[in-house]
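Report on the structure given below.
Okay, here's the thing in structure tokens:
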């Protein structure tokens, strides 16, 4: 009797083993971009992401990913404005998901959670299951450098956003109709700009007999699209990154906002302000206010503005509106000492995708295969515009060209009109790490007439081409890995220094502080803020691999 039961158990066990082996050879061997994996049913895991207007589980790209990689995605979603608070709460409680699809992490976060073992190193997963990421890192070494922590590990991935016109975002646009009416040329120096702005104020270029012209306006730079007036103008006196105020010369980090060039730049901007050539609202208004000024009906009142996107001032998308056509880009101006440079915004932003120690091996592999697919051409296309041709994208027509005038592969023009009452839910768009490099962007068609609504991208590219030659040879990297022991100090110092610079800059420009009387005290104030320590920390950060 005992031997009989043992024989039956062995037969049952053998049958289960055979069925399991058969099952493991089927499934998604051909569905993943990173190689085959055992399949005993869909791999289930939770992704953390921002809450959109429609359910992520019903999203077309979500369903496409689930089918392609034989996974079942569950979602932990947070409102965009509460995303980081929710993320921190999850990490602090220990109740975090297997994958952060879109986490908005800083380099300090990566080192903290990497050291704790919460974020898993992705190096081996990329090597074994990430051919597209491997290719991009080989082709663009700076991308690999920017995402690698000092310990050699990659703990998270960002959106690789090589937005060409964003790279040189501190742009300046001018009303050429006013220039022509007053017989003026495009300004090339700071002195010439002063002459132009003075004429805009005093010579009634809009011809209505009223002194209602605003020679120069701007907005505080919450985003690169808005334009701080000082961000553009200071670059005619000394390099202004409009962020940490750091200059790099032969690998040595210096501070810009206490140097003589900075003082001269403030003197120049105060002169413009004191003569009524700068809109006082430039230090407080938002982009909506700029748009109301630029698009107001009747007489045009704005003569020039600092912004990356002209569309923030005047409507460039409505084919019936032509006001934008008499606006043109102003190149970087040459200052009195020959300085002529432009700010640089770099491509690697906040880190989004991270795999946590809650993930099993199967979940780790599946998550890496998904994100790696989003760095392929097809995956990036579907992630950004949806998997169905004819909705958010189509194959380009034979005569359509890209931003560089070469034949395009895809197009988002001349698509069927959308029902404005239906929420579009077919892509992840800007959610999750994926490829938005220039290589990918240049696959798309752009109108070739820069003054047409569909040629706005070409117009921005042409404007950017004007700025590119004036970029410094060295700029401080956007994302650096501060030593873990320095992260708290760096955060405190960075906030304090930036607030001090910006507050005093506004005061010097509007005249509530005197440059002649208060400059020395301003410079001395940096000692109390710990400027030497600030520079030491950021110097060490760019030497992580030395």
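In the working numbering, the protein residues as written are 10 to 555.
Every residue gets a Cβ at the ideal spot worked out from N, C-alpha and C, and that includes glycine.
State the Cα-Cα distance for the pair residue i and residue j, rounded to the nearest angstrom.
| i | j | result |
| --- | --- | --- |
| residue 360 | residue 168 | 7 Å |
| residue 309 | residue 462 | 20 Å |
| residue 500 | residue 225 | 34 Å |
| residue 563 | residue 212 | With the chain covering only 10 through 555, there is no way to say anything about residue 563. |
| residue 504 | residue 517 | 20 Å |
| residue 380 | residue 474 | 32 Å |
| residue 197 | residue 472 | 15 Å |
| residue 528 | residue 311 | 32 Å |
| residue 480 | residue 241 | 13 Å |
| residue 5 | residue 95 | Any answer about residue 5 is impossible in this case: the structure gives the chain only from 10 up to 555. |
| residue 80 | residue 447 | 31 Å |
| residue 59 | residue 89 | 5 Å |
| residue 531 | residue 365 | 46 Å |
| residue 148 | residue 201 | 43 Å |
| residue 389 | residue 263 | 39 Å |
| residue 175 | residue 317 | 7 Å |
| residue 91 | residue 348 | 42 Å |
| residue 456 | residue 467 | 7 Å |
| residue 537 | residue 498 | 14 Å |
| residue 387 | residue 417 | 15 Å |
| residue 71 | residue 449 | 21 Å |
| residue 209 | residue 82 | 58 Å |
| residue 43 | residue 142 | Caution applies to residue 43, whose pLDDT of 38 falls short of 50 and renders its modelled position unreliable; the model cannot decide the point. |
Could you please give the first and the last residue of the uninterrupted beta strand (DSSP E) stretch that includes residue i?
| i | result |
| --- | --- |
| residue 440 | Note, residue 440: premise wrong, no beta strand (DSSP E); not H, not E. |
| residue 315 | 313-315 |
| residue 358 | 357-364 |
| residue 262 | 261-264 |
| residue 447 | Counting along the chain, residue 447 falls outside any beta strand (DSSP E), though it belongs to the alpha helix (DSSP H) covering 447-450. |
| residue 304 | That residue, residue 304, is in no beta strand (DSSP E); its alpha helix (DSSP H) goes 296-304. |
| residue 181 | 181-184 |
| residue 257 | 255-258 |
| residue 338 | 336-338 |
| residue 168 | 166-170 |
How far does the alpha helix (DSSP H) with residue i in it reach, from first residue to last?
| i | result |
| --- | --- |
| residue 475 | 465-476 |
| residue 69 | 69-78 |
| residue 140 | 140-148 |
| residue 8 | Because the chain in this structure spans residues 10 to 555, residue 8 falls outside the shown range and cannot be described. |
| residue 510 | 496-519 |
| residue 377 | 370-382 |
| residue 58 | That residue, residue 58, is in no alpha helix (DSSP H); its beta strand (DSSP E) goes 52-59. |
| residue 402 | Counting along the chain, residue 402 falls outside any alpha helix (DSSP H), and DSSP gives it neither H nor E. |
| residue 390 | 386-394 |
| residue 200 | 199-211 |
| residue 119 | 116-125 |
Taking Cβ to Cβ, would you say residue i is nearer than 8 Å to residue j?
| i | j | result |
| --- | --- | --- |
| residue 421 | residue 394 | yes |
| residue 384 | residue 419 | no |
| residue 483 | residue 253 | no |
| residue 444 | residue 135 | no |
| residue 158 | residue 123 | yes |
| residue 87 | residue 434 | no |
| residue 54 | residue 275 | no |
| residue 539 | residue 509 | no |
| residue 109 | residue 57 | yes |
| residue 333 | residue 325 | yes |
| residue 451 | residue 411 | yes |
| residue 286 | residue 193 | no |
| residue 93 | residue 490 | no |
| residue 248 | residue 397 | no |
| residue 551 | residue 486 | yes |
| residue 559 | residue 78 | The question about residue 559 has no answer, for the chain in this structure spans 10 to 555. |
| residue 279 | residue 524 | yes |
| residue 199 | residue 344 | yes |
Assuming residue i contacts residue j under a Cβ cut-off of 8 Å, what Cβ separation, rounded to an integer in Å, is found between them?
| i | j | result |
| --- | --- | --- |
| residue 265 | residue 520 | Not confirmed; about 22 Å, so no contact. |
| residue 107 | residue 372 | 5 Å |
| residue 177 | residue 353 | 7 Å |
| residue 9 | residue 340 | The question about residue 9 has no answer, for the chain in this structure spans 10 to 555. |
| residue 299 | residue 314 | 7 Å |
| residue 69 | residue 84 | Actually they are not in contact, since the Cβ atoms of residue 69 and residue 84 sit about 15 Å apart, beyond 8 Å. |
| residue 338 | residue 180 | 6 Å |
| residue 288 | residue 223 | 5 Å |
| residue 296 | residue 228 | 6 Å |
| residue 378 | residue 138 | 5 Å |
Heavy atom of the ligand GDP less than 7 Å from the Cβ of residue i, yes or no?
| i | result |
| --- | --- |
| residue 325 | Here there are no bound small molecules, and the ligand GDP is not part of this structure. |
Query raised in the report: Do the region 528-546 and the region 288-302 make contact, defined as three or more Cβ pairs closer than 8 Å?
Result: No, they do not touch.
Query raised in the report: Does the region 235-255 come within contact of the region 310-327, defined as at least 3 CB pairs closer than 8 Å?
Result: With the cut-off at 8 Å, the region 235-255 and the region 310-327 touch.
Query raised in the report: Should the region 122-133 be called in touch with the region 160-177, which here means at least 3 C-beta pairs below 8 Å?
Result: Pairwise C-beta distances place the region 122-133 in contact with the region 160-177, as three or more of them are shorter than 8 Å.
Requested in this report: State whether the region 348-365 contacts the region 113-121, with contact taken as three or more CB pairs (one from each stretch) at a distance under 8 Å.
Outcome: Under the Cβ criterion (8 Å, minimum of three pairs), the region 348-365 counts as touching the region 113-121.
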